[in-house]
Amino acid sequence: MAPVLEVAGLKTHFFTRAGTVKSVDGVSFHVNRGEVLGLVGESGSGKSVTGFSVMGLIDPPGKIVEGSIKLNGKELVGLDEEGFRKVRGREVAMIFQDPMMTLNPVLRVDTQMIEAVTAHDKVSHKAARERSRDALAKVGIPSPEERLNAYPHQFSGGMRQRVAIAIALLHRPPLIICDEPTTALDVTIQSQILAEMQSLCAETGTALVWITHDLGVVAGLTDRIAVMYAGRIVETGAVDPVLDTPLHPYTSGLLGSLPAEGEPGAPLRQIRGSTPSLAKLPQGCAFAPRCDYAQADCLAQAPAVTAFPGERGVRCHHPLNLAGVAA
Amino acid sequence: MSAPILTLDGVSKRFTKPLDAASKFANWMGAGYTEQVVHAVDGVDLAVTQGEVVGLVGESGCGKSTLGRVVAGIHPPSAGRVSWRGQFTDEMDAQQRRAATLAIQMIFQDPMSSLNPRLRVTDIVGEAPVVHGLVDKAQQDAYVVEMLERVGLDPSYRRRYPHQFSGGQRARIGIARALAVKPQFLVCDESVAALDVSIQAQVLNLFMKLRDELNLTYLFISHDLSVVRHLSDRVVIMYLGRVVEAAPAAELFKGPQHPYAQALLANVPSIAARKKRFAPLKGEIPSPLHPPTGCHFHPRCPMAGPRCKAERPVLKQIAPGHVAACHLHDGGVGALAA
């Protein structure tokens, strides 16, 4: 079956006075129907910009300079604003980290939801309102009829995120891009949202791109992972092999940095240094200056992707755990 | 075990919103408005011994930061008493109070809003020790260099401003500032929450190194259970202003006793749990303006009975050093106690 989303060689650069910032620099991945893909990385790795690129939300000085984004076989790169309007909400929706920023604070929830319904479907105001109410009920908001008349600030953080999810689900898009939607929430509320997303996606067959820095969430939720570093995907594969036998030293370093994995009290296996500025990336592998395994070729030349069976890939000259892949 | 260096005795902190003029006038006419009171911290007992790391865990609004601020002397408690090295803080004279305030330092979550953006690092770190007479003005520069080296920052950056540093470096500046006045006790309020995992690991390693080098005692406040588990000797879990469970870290993570602690631990995402079925707690954290009666957790508790609604559970010892506040461990949830 053809994938819902196919991104190939995507390059999104920002042309600033301080130089060209290569936020996304040659990213390729795909998402199958009903699948959850975890896009993992630290701040500044380009994971959110990848999501924005798919949604056509890159504003100047940013620009998609190269690559293709195919949604259900339809090319999105180069689509005009009118074209994107037809795609957004109906074929792909996005949920952001902070729903206070995405919901309009001066409009009631019903106004915003009805507008989202009628943007794509010619239905009566009454029918649109009913659909909005049903969507709110579906994401577990108590007394949805009354809550439709509330303003965003009258909701708690978790409830606001549910409203944002309900809006994303209004047109049952085959793909939803979730940009750290649970990061700002408490653990028990995060669990509620994750449970909600799990059951909704199982029900509707919606595919998810889950952008996050939290490897714990990724392990619990996703089918496949793509690990990003400095604008590139450095490792990809199914959840189990990537987390159990990471090929890229960065993935391995990230896992070693998790306090939950170490012996309590023992020093954590840290990655030295900090993430490089995307405006002046090193010449070779972007991770080489922080890597314990770097050799001369790592500094000289950026590695290409080496593919392994089972949709496994790594962008490294000297991958770890190769025995695990061959087996 | 040695005597505790810091003790909290039934400490409460209430924030009151006074009535405005219009409401007072309305009351005079007989409207009956009352002041809004938030019970941020509600009767907490805590003892910390020398060299111990106590992790204080809870979700937003549970009062953990307020409790940290009471410990650090930023807020006076509304009820109850704090004692430092065997002396109640409200009985100290000015000199003793100054010594205690210097000995207990706080490291905040967001270094960008807790570091003065218009001061250079050398002044941020060096000002307090000069003011308090720990070092001479002439030796300030050498002292700042020593402090920056201690926290793993390049001392040649000391003429820079906070905005010229990355998040992890700023966290280190906040730590250096706290260490500059030679504290014995650090209150770390979500000090690593804003950092990326790889940087967070560096800062956590730094905290552990400093503890060994300087014989520090920590009250480590965090919502992140895996961080707390890694760092703490003892863990205290709070819910809506009250302590619900406290135990040695290993014991608590092995067998939490309070239903809230159990739910919290079960909901922590872990890379060991693949494709898991999330089985969340129902409902949300109630507003501390109108906390539920009895046990604060009863509206969300799967085990709650009639007694939970009516009676506040007290902390009961379950095992040595392990206490929990739940009627399940104190005669059951069913019948009301006489």
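As given, the protein sequences belong to chains A and B, one line each in that order. Position one of the first sequence corresponds to residue 8 (this note's numbering), numbered consecutively onward. Position one of the second sequence corresponds to residue 183 (this note's numbering), numbered consecutively onward. Heads up, the beta-carbon is just placed ideally off N, CA and C, and yes, glycines get one too.
Measuring CB atoms only, is the segment 210-219 of chain B touching the segment 331-340 of chain B, in the sense that at least three cross pairs come out at less than 8 Å?
Flag = no, the segment 210-219 of chain B and the segment 331-340 of chain B do not touch.
For chain A, is any of its Cβ atoms less than 8 Å away from the one on B/H509?
Among the residues facing chain A, B/H509 is not included, as its CB has no counterpart in that chain under 8 Å away.
Give the residues of chain B in contact with A/I102, contact being defined as C-beta atoms less than 8 Å apart.
The premise fails here: A/I102 is roughly 17 Å from chain B at the closest Cβ pair, so nothing lies under 8 Å.
Cα separation between A/A334 and A/P316?
Confidence at A/A334 is low in this model, with a pLDDT of 47, below 50, so the placement of that residue is unreliable and no value is reported for it.
Roughly how many angstroms separate the alpha carbons of B/K206 and A/G164, rounded to a whole number?
In this structure, the alpha-carbon of B/K206 lies about 33 Å from that of A/G164.
Exposed or buried, B/V515, counting other C-beta atoms within 10 Å across all chains shown (16 or more means buried)?
Classification for B/V515: buried.
I'd like to know whether the C-beta of B/I355 is nearer than 8 Å to at least one C-beta of chain A.
Residue-level contact by beta carbon fails for B/I355 and chain A, as no gap is shorter than 8 Å.
Rounded distance between the beta-carbons of A/L182 and A/V47, thought under 8 Å:
With a Cβ gap of about 18 Å, A/V47 and A/L182 do not count as contacting.
Can you tell me where the alpha helix (DSSP H) holding B/K206 begins and where it ends?
Note, B/K206: alpha helix (DSSP H), A203 to W210.
Using the C-alpha atoms, what's the distance from B/V313 back to A/M62?
So the two alpha carbons sit approximately 55 Å from each other.
The alpha helix (DSSP H) that contains B/I355, what's its start and end?
It spans G349 to L361 - the alpha helix (DSSP H) in which B/I355 sits, taken as one unbroken run.
Expressed to the nearest angstrom, what Euclidean distance is found between the alpha-carbon atoms of B/L446 and B/E241?
Their Cα atoms are separated by approximately 9 Å.
Three-state secondary structure (DSSP) at A/C323?
When DSSP states are grouped into helix, strand and coil, A/C323 belongs to the coil group.
Interface residues of the segment 226-245 of chain A facing chain B [CB-CB below 7 Å]:
So the list reads A226 and G227, given in the order they occur along the chain.
Measuring CA to CA, which of A/R24, A/A25, A/T213 and A/R136 is closest to A/E98?
Of A/R24, A/A25, A/T213 and A/R136, the residue nearest in Cα terms is A/T213.
Do we get a CB-CB distance below 8 Å when we pair B/L386 with the residues of chain A?
Closer than 8 Å: yes.
Output needed for A/N328: all residues of its chain with C-beta closer than 7 Å, excluding positions within five of it in sequence on either side, in chain order.
Around A/N328: T252, P253 and L254.
How big is the Cα-Cα spacing for B/S295 and B/S247?
Going by the C-alpha atoms only, they are around 16 Å apart.
Please list the segments of the beta strand (DSSP E) lying wholly inside the segment 60-111 of chain A, counting only runs of 3 or more residues, in order along the chain.
Correct list: 69-78 and 99-102.
Closest by C-alpha distance to A/A157, when choosing among A/H178, A/P188, A/V94 and A/M120
If you compare the alpha carbons of A/H178, A/P188, A/V94 and A/M120 with that of A/A157, the shortest gap goes to A/M120.
Beta carbon of A/G80 nearer than 8 Å to that of A/H127:
Between A/G80 and A/H127, the CB-CB gap reaches or exceeds 8 Å.
For B/A445, name the three-state secondary structure that DSSP assigns.
In the three-state DSSP reduction, B/A445 falls in the helix class (H, G or I).
Taking 8 Å as the threshold (C-beta atoms), are A/A309 and A/C292 in contact?
Going by C-beta atoms, A/C292 is nearer than 8 Å to A/A309.
To the nearest whole angstrom, what separates the beta carbons of A/V1 and A/P106, a pair I think is in contact under 8 Å?
Given a span of 8 to 334 for chain A in the structure shown, any question on residue 1 of chain A remains unanswerable.
Buried or exposed: which applies to B/P502, given that a residue is buried once 16 or more other Cβ atoms fall within 10 Å of its Cβ?
Counting Cβ neighbours within 10 Å, B/P502 comes out exposed, since fewer than 16 surround it.
Can you pull the chain B neighbours of A/D193, defined as C-beta to C-beta under 8 Å?
Those within 8 Å of A/D193 in chain B are E241, S242, H405 and I467.
Please go through the same chain and pick out, in chain order, the residues whose beta-carbon is closer than 8 Å to the beta-carbon of A/L262, but skip the five residues on each side of it.
Cβ neighbours of A/L262 within its own chain (closer than 8 Å, five residues either side excluded): L222, L250, P253 and E268.
Whole-number beta carbon distance between A/P271 and B/R411, since they are thought to touch under 8 Å
6 Å between Cβ atoms; contact.
Test item: CB-CB of A/D32 and A/G238 under 8 Å
Cβ distance < 8 Å, so A/D32 and A/G238 count as in contact.
Consult DSSP for A/S30 and reduce its assignment to one of helix, strand or coil.
In this structure, DSSP gives A/S30 an extended state, which the three-state scheme calls strand.
Span of the alpha helix (DSSP H) holding A/G340?
With chain A covering 8 to 334 only, the question about residue 340 of chain A has no answer from this structure.
Taking the continuous alpha helix (DSSP H) assigned at A/C185, which residues delimit it?
Segment L182 to D186 is the beta strand (DSSP E) holding A/C185; no alpha helix (DSSP H) there.
By the DSSP assignment, the alpha helix (DSSP H) with B/P293 in it spans what residues?
Boundaries of the alpha helix (DSSP H) harbouring B/P293: P293 to S296, taken from the DSSP string.
Distance cutoff 8 Å, beta carbons only. Does B/V379 sit that close to anything in chain A?
Output row for B/V379: interface = yes.
Taking all protein chains shown into account, decide if B/V379 is buried (16 or more other Cβ within 10 angstroms of its Cβ) or exposed.
Buried, by the Cβ-count rule.
For A/F91 and A/T189, what's the separation of their Cα atoms in angstroms?
Rounded to the nearest whole angstrom, the CA to CA distance from A/F91 to A/T189 is 26 Å.
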